[in-house]
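In this text, residue positions in the sequence shown follow our numbering: the first is 280, and each later residue adds one. Step one of this worksheet: look at the structure below.
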Amino acid sequence: MGAGFSKAVADLPLTKDMFDSFESVLKIQKELGVNSSHIKRGEALFEELDDLQNKLLIFPYLNLMNGEKEITPKNWRSNFEGICSYIDLNLAYQISSCTKDKHGEIGDLTTPPFELCKTSLQDFRRNISFYLYLTLINKKGDTVLLNKFYENFLNDNSSIISFNYDLVMESFLFEQGKWFPSDGYGIPFNIKGKSFSRSSEIQIFKMHGSLNWIDKDGNLELVWNDTSIPHKFPDYPTDDFNIYFTAGTWMLPSFIKQFSIPKILEIWSRAAKQLTVAEEVLFIGYRLPPEDSAVYALLSNIDFTNKTITVINPDKEIDALKENYSRALRLSSSKIEFISKPLQEVWL
280 MGAGFSKAVA DLPLTKDMFD SFESVLKIQK ELGVNSSHIK RGEALFEELD
330 DLQNKLLIFP YLNLMNGEKE ITPKNWRSNF EGICSYIDLN LAYQISSCTK
380 DKHGEIGDLT TPPFELCKTS LQDFRRNISF YLYLTLINKK GDTVLLNKFY
430 ENFLNDNSSI ISFNYDLVME SFLFEQGKWF PSDGYGIPFN IKGKSFSRSS
480 EIQIFKMHGS LNWIDKDGNL ELVWNDTSIP HKFPDYPTDD FNIYFTAGTW
530 MLPSFIKQFS IPKILEIWSR AAKQLTVAEE VLFIGYRLPP EDSAVYALLS
580 NIDFTNKTIT VINPDKEIDA LKENYSRALR LSSSKIEFIS KPLQEVWL
């Protein structure tokens, strides 16, 4: 399940529209004028985005052309995954140099490979995660569409593998009595203050993390809301938390996955086991881009030969979509059913 699903059922942005959505959220924050830290972090995000664009795209081109031509980027902001990948690449490792000043003093310089300051990159990453939270947290799904999806495609033995951060699917299944936070994410969560005897009938494996997860010393814990966010799961404990620091728990939609949180790696492992034993696999709203090497590596260990495979994605570039899935699943595209209609038309 990819961003196309949440776009269809809750009008959440696709990755190519994410920075534009951040800008809309920042505008709302300024109009409300309630939380200055939200505004400052949004302004810092776009300053960092513009600085990166100038450094990587505009200035090198202007220097190459000796200032004789102007350059206006067309798709810089739509390259959300690429920008996240650049950040993760620079945070993945550092290079060291020996310095020597004019007085002969020798020292060490340690920096990311293509940046000068690791701290500024970490702030940029944290601000992106923070605005992902603000953009996605309050959206509700279309109940009619979700009911149709549930009736047509899910049963009590289903597992959902999602690359989305939002809580749309689990909120809906919670209302149906089919999913509960204590065990519904494929790994057990310790919920402070209460124990719940009801077990989830449907599991949701969230491969990039979730808006209500926080990492504490390598373990994931569930958090619920801050003072401005409505409580999503009635009868569960309510905690206040600083979403700016919580935001660092999730993996960004990067092509260079940073598995720094052991529990998220465990979720990937358990999701792979579900795919291995599944008889029918439905890919919905997910392009399966070849740049996403971690997903391709995951799928490469699974034999899809005798499984029923369906792909629902209203992608205009259907030939490229077929090529992606045929390559990743190691199947002829004729062995995969492709449905290129909008998701709403498929369900209704």
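In this text, a Cβ means the ideal position worked out from N, Cα and C, and glycines have one as well. Quantities reported herein were computed from a predicted structural model and do not represent experimental measurements.
Taking only the alpha-carbon atoms, compute the straight-line gap between residue i and residue j and give it to the nearest angstrom.
i       : j       : result
Ser-437 : Ser-533 : 27 Å
Lys-614 : Ile-588 : 8 Å
Gln-553 : Gly-465 : 10 Å
Gly-312 : Leu-305 : 10 Å
Tyr-372 : Glu-454 : 44 Å
Asp-421 : Leu-531 : 26 Å
Asp-571 : Ser-605 : 15 Å
Ile-618 : Glu-480 : 28 Å
Val-560 : Lys-586 : 7 Å
Ser-408 : Glu-322 : 14 Å
Pro-391 : Tyr-365 : 11 Å
Ile-284 : Tyr-429 : The question names Ile, but residue 284 in the sequence shown is Phe. Looking at the two C-alpha atoms, the distance is approximately 13 Å.
Ser-357 : Ala-282 : 14 Å
Ile-508 : Leu-490 : Low local confidence applies: a pLDDT of 44 at Ile-508 is under 50, so the model's placement there is unreliable, and no value is given.
Asn-400 : Glu-558 : As written in the sequence, residue 400 is Leu, which differs from the Asn given in the question. Spanning the two alpha carbons is a distance of roughly 43 Å.
Phe-583 : Lys-595 : 25 Å
Lys-295 : Leu-544 : 26 Å
Lys-397 : Leu-370 : 7 Å
Between residue i and the ligand COA, is the CB less than 7 Å from at least one heavy atom?
i       : result
Lys-397 : Although the ligand COA was asked about, the structure shown includes no ligands whatsoever.
Nearest to residue i by CA position, among the options, is which residue?
i       : options                            : result
Met-486 : Lys-427, Glu-310, Lys-495, Tyr-444 : Tyr-444
Gly-463 : Ala-323, Asn-603, Thr-294, Leu-501 : Leu-501
Gly-488 : Lys-286, Ile-440, Ser-450          : Ile-440
Asp-330 : Ile-307, Ile-362, Lys-309, Ser-300 : Ile-362
Ala-551 : Ile-535, Ile-483, Glu-616          : Ile-483
Ser-612 : Val-625, Leu-622, Gln-623, Ile-597 : Ile-597
Val-556 : Phe-538, Gln-537, Ile-543, Leu-578 : Leu-578
Glu-360 : Glu-624, Lys-309, Arg-566          : Arg-566
Asp-367 : Met-297, Phe-298, Asn-603, Phe-403 : Phe-403
Ala-573 : Trp-547, Pro-593, Val-590          : Trp-547
So is residue i buried or exposed if we call it buried at 16+ other beta carbons inside 10 Å?
i       : result
Asn-498 : exposed
Ile-563 : buried
Val-456 : Val is not the amino acid found at residue 456; the sequence shown has Gly there. Flag for Gly-456 reads exposed.
Leu-600 : buried
Asn-406 : buried
Thr-506 : Residue confidence for Thr-506 is low, a pLDDT of 45 falling below 50, so the modelled location carries little weight; the figure read from the coordinates is stated next. Under this definition Thr-506 is an exposed residue.
Ile-581 : buried
Arg-477 : exposed
Asp-290 : exposed
Val-447 : buried
Pro-292 : buried
Between residue i and residue j, which are expected to be in contact by the criterion C-beta below 8 Å, what is the C-beta distance as a whole number of angstroms?
i       : j       : result
Trp-355 : Leu-336 : 7 Å
Suppose only complete runs of 3+ residues qualify. What are the beta strand (DSSP E) ranges in the stretch 535 to 572, listed by chain order? Note on the stretch 535 to 572: whole beta strand (DSSP E) runs with a minimum of 3 residues are 559 to 563, in chain order.
Review point. Taking only runs of the alpha helix (DSSP H) that begin and end inside the stretch 393 to 421, which ones reach a length of at least 4 residues, in chain order?
Key: 397 to 415
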